[in-house]
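Accompanying notes for the structure given below.
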Amino acid sequence: MCIFIVISLPLARLNMNGFMYKSWWKILGSVIVIYTTVAGLLLGVPHLPILNETIRNLYFHVPMWFAMLTLFSISVFYSIKHLLTGDQADDLRAVESVNVGVVFSLLGLVTGSLWAKYTWGQYWSFDVKQNFTAVAILLYFAYLILRNAIDEEQKRAKISAIYNIFAFPMMIVLILVLPRLSDSLHPGNGGNPGFNKYDLDERMRMVLYPAFIGWSIIGYWIYTIRFRIRSIENQQNS
Amino acid sequence: MKKFIVALALLFSSVQLFAQTDSVEMADVLRSNGKIYVVVLCIVIILAGLLFYLFSLDRRLKKIEKKSTGKN
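Listed in order, the protein sequences are those of chains A and B. Under my numbering, think of the first position of the first sequence as 57, with each following residue one higher. Under my numbering, think of the first position of the second sequence as 155, with each following residue one higher.
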């Protein structure tokens, strides 16, 4: 849990010094993502019933959620910063990182339900994990719609920043806390052991953790592109 | 004594059988054919292509940024 905060916050801060224009971290992210894809498909995995080869989905499905968490953390960081400084650019950063985070969350949801079809038997079995993640995504859709409903720029920035600060802990509770408290099919929830209990061995760690970092970097990169486009648009409109 | 040995032998053989049923079906055929590498290569080409596209978008954006800062 703490890892994504540790990764996301320095990334958010580095932004100031033209970090988003550098290309070394983009190359690093690309290399990591390609490595995890190749290693994720070829490296040995534990032989487990029901899961069979689908255990490799762990390298692709879970990093989507991790990238989403990173982007939403960046967003809430800038929402707080906006309330402290009143800088309009921070509001733009907050909304653009949510825009990218929502895409990653939808990818996570779709890959999750596809995986569920072949292991749990149904695309959507109304499992707590599935339901609550869907609700968490709706929370962020509401954030994006709320923004469009307000015309005045400063008011919009302030109200949506406050909404975002409340939505973030709600999302964490919905995705990571509540599913653990009740019965769930999803690993790691409801007395159902997580992959890391005995299935996630050293070989898998060597792929999964880099995948978290790599996909977070790619998500951050797409967010910087969106933010830069948005700032140029704003410049031309004003 | 003989019965005991037979029973023991049967027990061990059954243990061995039990261990054999433990094997889980994986994509071993695809791997032994070497055809899994075709899939891996395809995915890597797609991924590399998309990442390259992202790089080119980034470059184009940089040009536009330079232009717009030059105007102001």
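The beta carbon of each residue, even a glycine, is placed where N, CA and C say it ideally should be.
Pop quiz: A:Pro119 and A:Trp277 are said to be a contact at Cβ under 8 Å. What is the actual Cβ separation, rounded to whole angstroms?
Actually they do not touch by this definition, with Cβ atoms about 14 Å apart.
Quick check on DSSP: helix, strand or coil for A:Val101?
In the structure shown, A:Val101 sits in coil (DSSP, three-state: anything other than H, G, I, E or B).
Compute the beta-carbon to beta-carbon distance between B:Glu179 and A:Asn245, rounded to the nearest angstrom, for a pair I have assumed lies under 8 Å.
About 27 Å separates the two Cβ atoms, so there is no contact after all.
For B:Val178, which residues in chain A fall below 7 Å Cβ to Cβ?
The answer, in chain order, is His103, Leu104, Pro105, Asn108.
From the beta carbon of A:Tyr276, is the nearest beta carbon of chain B less than 9 Å away?
It does not: the Cβ of A:Tyr276 has no partner Cβ on chain B nearer than 9 Å.
Nearest CA to the CA of A:Phe222: which residue from A:Asp257, A:Arg261, A:Val159, A:Ser131?
Taking only the C-alpha atoms, the option nearest A:Phe222 is A:Ser131.
For the region 208 to 223 of chain B, enumerate the residues whose C-beta is nearer than 8 Å to any C-beta of chain A, in chain order.
Answer in chain order: Leu208, Phe209, Leu211, Asp212, Leu215, Lys216, Ile218, Glu219, Ser222.
Roughly how far, in whole angstroms, is the beta-carbon of A:Glu152 from the beta-carbon of A:Arg236, given that I think they are within contact range, below 8 Å?
Not quite, the Cβ-Cβ distance comes to about 31 Å (not below 8 Å), so this is no contact.
Reducing DSSP to helix, strand and coil, say where A:Gln178 ends up.
DSSP places A:Gln178 in coil when its eight states are reduced to three.
So with Cβ pairs under 9 Å, would you call A:Val263 a contact of chain B?
No, because no Cβ of chain B sits closer than 9 Å to the Cβ of A:Val263.
On a CA-only basis, which of A:Leu148, A:Thr141, A:Lys185 is nearest A:Glu289? Give me that one, please.
Cα-wise, what sits closest to A:Glu289 is A:Leu148.
Tell me whether the beta-carbon of A:Ser216 lies closer than 9 Å to the beta-carbon of A:Leu202.
Result yes, Cβ atoms of A:Ser216 and A:Leu202 sit closer than 9 Å.
Examine the Cβ distances between the region 92 to 105 of chain A and the region 254 to 269 of chain A and report whether three or more of them are shorter than 8 Å.
The region 92 to 105 of chain A vs the region 254 to 269 of chain A: in contact.
Going by the CB atoms, is the gap between A:Ala172 and A:Leu232 shorter than 9 Å?
Not in contact: A:Leu232 and A:Ala172 (Cβ atoms no closer than 9 Å).
In the DSSP assignment, the alpha helix (DSSP H) including A:Asn187 goes from what residue to what residue?
Per DSSP, A:Asn187 belongs to the alpha helix (DSSP H) from 184 to 205.
Could you give the DSSP three-state label for A:Asn245: helix, strand or coil?
Residue state, collapsed to three classes: coil.
List, from N- to C-terminal side, the beta strand (DSSP E) runs of 3 residues or more that fit wholly inside the region 110 to 134 of chain A.
The qualifying runs do not exist here; there are none.
Using a beta-carbon distance below 9 Å, is A:Thr126 in contact with chain B?
Not one chain B Cβ lies under 9 Å of A:Thr126.
May I ask you to report which of helix, strand or coil DSSP gives B:Lys217?
Here B:Lys217 sits in helix by DSSP.
If you measure from the beta carbon of B:Ile190 to each beta carbon in chain A, is any gap under 9 Å?
Closer than 9 Å to some Cβ of chain A, the Cβ of B:Ile190 qualifies, so yes.
For B:Ser177, collect the residues of the same chain with a Cβ closer than 8 Å to its Cβ; drop the 5 residues on either side in sequence, then sort them by chain order.
The answer is none, since no qualifying residue turns up.
How would you label B:Phe172, buried or exposed, when you count the other beta carbons within 10 angstroms and need 16 or more for buried?
Low confidence applies to B:Phe172: its pLDDT is 49, below 50, so where it sits in the model is not reliable enough to give any reading.
Let me know if B:Thr175 comes out buried or exposed under the rule of 16 or more other beta-carbons within 10 Å of its beta-carbon.
Because B:Thr175 carries a pLDDT of 48, less than 50, the predicted location of this residue cannot be relied on, and no value is offered for it.
At the level of alpha carbons, what is the spacing between A:Glu258 and A:Asn187?
Rounded to the nearest angstrom, the two C-alpha atoms are 32 Å apart.
Who are the neighbours of A:Leu97 on chain B, taking C-beta pairs under 8 Å?
In chain order: Ile190, Val193, Val194, Ile197.
Since A:Ile288 meets chain B, which of its residues come closer than 9 Å, beta carbon to beta carbon?
Those within 9 Å of A:Ile288 in chain B are Leu215, Ile218, Glu219, Ser222.
Tell me, please, whether the CB atom of A:Thr93 is closer than 9 Å to any CB atom in chain B?
It does: the Cβ of A:Thr93 has a partner Cβ on chain B nearer than 9 Å.
Mind reading off the beta-carbon distance from A:Leu162 to A:Ile193? Whole number of angstroms is fine, and I expect it under 8 Å.
Confirmed, Cβ separation roughly 7 Å.
Which residues mark the beginning and the end of the alpha helix (DSSP H) in which B:Asp182 is found?
Unbroken alpha helix (DSSP H) run through B:Asp182: 182 to 187.
Looking only at C-alpha atoms, which of A:Pro225, A:Ile218, A:Asn204, A:Trp81 sits nearest to A:Leu140?
Cα-wise, what sits closest to A:Leu140 is A:Ile218.
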